[in-house]
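Contents: one structure, followed by commentary.
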Amino acid sequence: MSLFRLSNHIFELGLNAQELSVYAYLCSLPASGFTLQGDSIVTVKQRTIAVNCGIRSPVTVAKTIDRLREKGLVDYLERQYKANGHRGTYWYAVTKHPTDNGFFMVDRHIFEMLVPRQMLVYLFLCKSFSTVLHDCWNSYNDIAEQIGMKRESVIQTIRELVELGLIVRIQRRSKENRRVYVDNHYSIVRFEVGHIRAQMPKMRSAPEQADIIMYHPAALCRICPEVRSAVWGSP
Numbered sequence: 000m001s002l003f004r005l006s007n008h009i010f011e012l013g014l015n016a017q018e019l020s021v022y023a024y025l026c027s028l029p030a031s032g033f034t035l036q037g038d039s040i041v042t043v044k045q046r047t048i049a050v051n052c053g054i055r056s057p058v059t060v061a062k063t064i065d066r067l068r069e070k071g072l073v074d075y076l077e078r079q080y081k082a083n084g085h086r087g088t089y090w091y092a093v094t095k096h097p098t099d100n101g102f103f104m105v106d107r108h109i110f111e112m113l114v115p116r117q118m119l120v121y122l123f124l125c126k127s128f129s130t131v132l133h134d135c136w137n138s139y140n141d142i143a144e145q146i147g148m149k150r151e152s153v154i155q156t157i158r159e160l161v162e163l164g165l166i167v168r169i170q171r172r173s174k175e176n177r178r179v180y181v182d183n184h185y186s187i188v189r190f191e192v193g194h195i196r197a198q199m200p201k202m203r204s205a206p207e208q209a210d211i212i213m214y215h216p217a218a219l220c221r222i223c224p225e226v227r228s229a230v231w232g233s234p
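Using numbering that gives the first Met the number 0, you'd call the opening residue of the sequence shown number 0 and step up by one each time.
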């Protein structure tokens, strides 16, 4: 299953973009076991974390994990030795916040596609997504205030997410004036095998009744080998 849960309280932990991106990635990894305290045990190379979180250097990843360790979210476990005497892959104990009091779903395919700044905004939109209305409607000022980012950066990042095909701008009519559309409504694009489907609400008006399927070449090439071969040719 490509979806995993993140607690709604993840934005209350005081994490910056890099820390949140790395922490979310570690939470997405399947646990190979659990500590006595109930923390998830995962193993992954720091270079792999760097690639999946849009961070240039494994050294930066190590510093980010050190900060997460100081905040009690991640801890190092003893590394095993290989047969040749070299140390093996890092093992981490990841403290996942409970999802009993609220959570949101994130698609694992999103990793390796975004830099930390984009991941921060994307995760916030996923948290704000309404499963009833099938969209999120936070203002730029609201997003900027809650994630600690400048309003101009929020606007630019949302524009980039739209261009990547990861969110879709949708139009909703104002309740006060049905002739006017309200701004800042977005729908999250969910990944499926072979294509991407935008989770759009079914509206009563005829032009908005049809389901919308969004095909984005870059995303399709990442998750569908057949499309990648057709677009770029065989390796």
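The C-beta atom is built at its ideal place from N, Cα and C for all residues, glycine as well. All figures in this text were calculated on a predicted structure; none of them were measured in a lab.
Minimum length 3: unbroken beta strand (DSSP E) runs contained in the segment 134-168: Runs found: 166-168.
Short of 8 Å in beta carbon distance, which residues of its chain neighbour K143, apart from the five on each side in sequence? Order them along the chain. Your numbering for residue 143 matches position 144 in the sequence shown. Here residue 143 is Ala; the residue named in the question, Lys, does not match the sequence. So the qualifying residues of the chain are K149, R150, S152 and V153.
Where L76 and N183 are concerned, what is the direct C-alpha to C-alpha distance, given to the nearest angstrom? Looking up residue 76 in the sequence shown gives position 77. Looking up residue 183 in the sequence shown gives position 184. Straight-line Cα distance between these residues: approximately 44 Å.
Proximal residues to T47 (C-beta, below 6 Å), its chain only, five neighbours per side dropped: As a first step, residue 47 is located in the sequence shown; it is residue number 48 there, counting from the start. A distance below 6 Å between beta-carbons, with the five flanking residues on each side excluded, links T47 to no residue of its chain.
Do you know offhand how far V188's Cα is from D74's? Locating residue 188 in the sequence shown gives position 189, where the first residue counts as 1. Locating residue 74 in the sequence shown gives position 75, where the first residue counts as 1. One C-alpha to the other measures close to 33 Å.
Are there 16 or more other CB atoms within 10 angstroms of the CB of D38, so buried, or fewer, so exposed? To locate residue 38, count along the sequence shown from 1; it is residue 39. The residue is buried, with at least 16 neighbouring Cβ atoms inside 10 Å.
DSSP state of V58 mapped onto helix, strand, coil: Here residue 58 corresponds to residue number 59 of the sequence shown, with the count starting at 1. In this structure, V58 counts as helix in the three-state DSSP scheme.
So the alpha helix (DSSP H) T47 belongs to, where does it begin and stop? Against the sequence shown, residue 47 aligns to sequence position 48. For T47, the enclosing alpha helix (DSSP H) begins and ends at Q45 to C52.
F10 versus R107 - alpha carbon distance: One-based indexing of the sequence shown puts residue 10 at position 11. One-based indexing of the sequence shown puts residue 107 at position 108. F10 and R107: Cα-Cα distance of roughly 19 Å.
Leaving out the 5 sequence neighbours to the left and right, which residues in its chain are closer than 7 Å to G87 when beta-carbon positions are compared? For this step, residue 87 is matched to residue 88 along the sequence shown. Contacts found: R78, Q79, Y80 and K81.
Using the Cβ count rule (16 or more neighbours within 10 Å means buried), how would you classify S138? Within the sequence shown, the letter at position 139 stands for residue 138. A residue is called buried when at least 16 other Cβ atoms come within 10 angstroms of its Cβ; S138 does not meet this threshold and is exposed.
Going by other Cβ atoms of all chains shown within 10 Å of its Cβ, with 16 needed for buried, is E18 buried or exposed? The count along the sequence shown starts at 1 and reaches residue 18 at position 19. Buried.
Taking V93 and C26 to be in contact with their CB atoms under 8 Å, please state how far apart those CB atoms are, rounded to whole angstroms. Sequence index remark: in the sequence shown, residue 93 carries index 94 (1-based). Sequence index remark: in the sequence shown, residue 26 carries index 27 (1-based). Taking 8 Å as the upper bound for CB-CB distance, V93 and C26 are in contact here, some 6 Å apart.
Suppose you measure from the CA of R66 to the CA of L163; what does that come to, to the nearest Å? As a working note, residue 66 is residue 67 in the sequence shown. As a working note, residue 163 is residue 164 in the sequence shown. So the alpha carbons of these two residues sit roughly 30 Å apart.
Could you please give the first and the last residue of the uninterrupted beta strand (DSSP E) stretch that includes S27? As a working mapping, residue 27 is identified with position 28 in the sequence shown. Taken as a continuous stretch (DSSP letters only), S27 belongs to no beta strand (DSSP E), being part of the alpha helix (DSSP H) at A16 to S27.
Leaving out the 5 sequence neighbours to the left and right, which residues in its chain are closer than 6 Å to S240 when beta-carbon positions are compared? Not covered by the structure: residue 240. The range shown for the chain is 0 to 234.
Quick one, which of W90, S56, T42 and K126 has its alpha-carbon nearest F3's? As a working note, residue 3 is residue 4 in the sequence shown. Residue K126 is the option with its Cα nearest to F3.
Judging by CA-CA distance, which residue of Y121, S1 and A16 is the nearest neighbour of L165? Against the sequence shown, residue 165 aligns to sequence position 166. Nearest of Y121, S1 and A16 to L165, Cα basis: Y121.
What span of residues does the beta strand (DSSP E) with S127 cover, start to end? As a first step, residue 127 must be located in the sequence shown, where it is residue number 128. In this chain, S127 is not harboured by any beta strand (DSSP E); it is covered by the alpha helix (DSSP H) spanning P115 to S127.
R116: buried (16+ other C-beta within 10 angstroms of its C-beta) or exposed? Taking the sequence shown and counting its residues from 1, the one referred to as residue 116 is at position 117. The residue in question, R116, is buried, as its Cβ has 16 or more Cβ neighbours within 10 Å.
Give the DSSP bridge partners of F103, in chain order. Stepping through the sequence shown from its first residue, residue 103 is reached at position 104. The secondary-structure analysis by DSSP pairs F103 across a beta bridge with L5.
May I ask you to report which of helix, strand or coil DSSP gives Q208? One-based indexing of the sequence shown puts residue 208 at position 209. Only weak support exists for where Q208 lies, its pLDDT of 35 falling under 50; the coordinates are left without a value.
Below 8 Å on the Cβ atoms is my guess for I64 versus V21; work out the distance and round it to an integer in Å. For the purposes of this step, residue 64 is taken as the residue at position 65 of the sequence shown. For the purposes of this step, residue 21 is taken as the residue at position 22 of the sequence shown. Right, their Cβ atoms sit about 7 Å apart.
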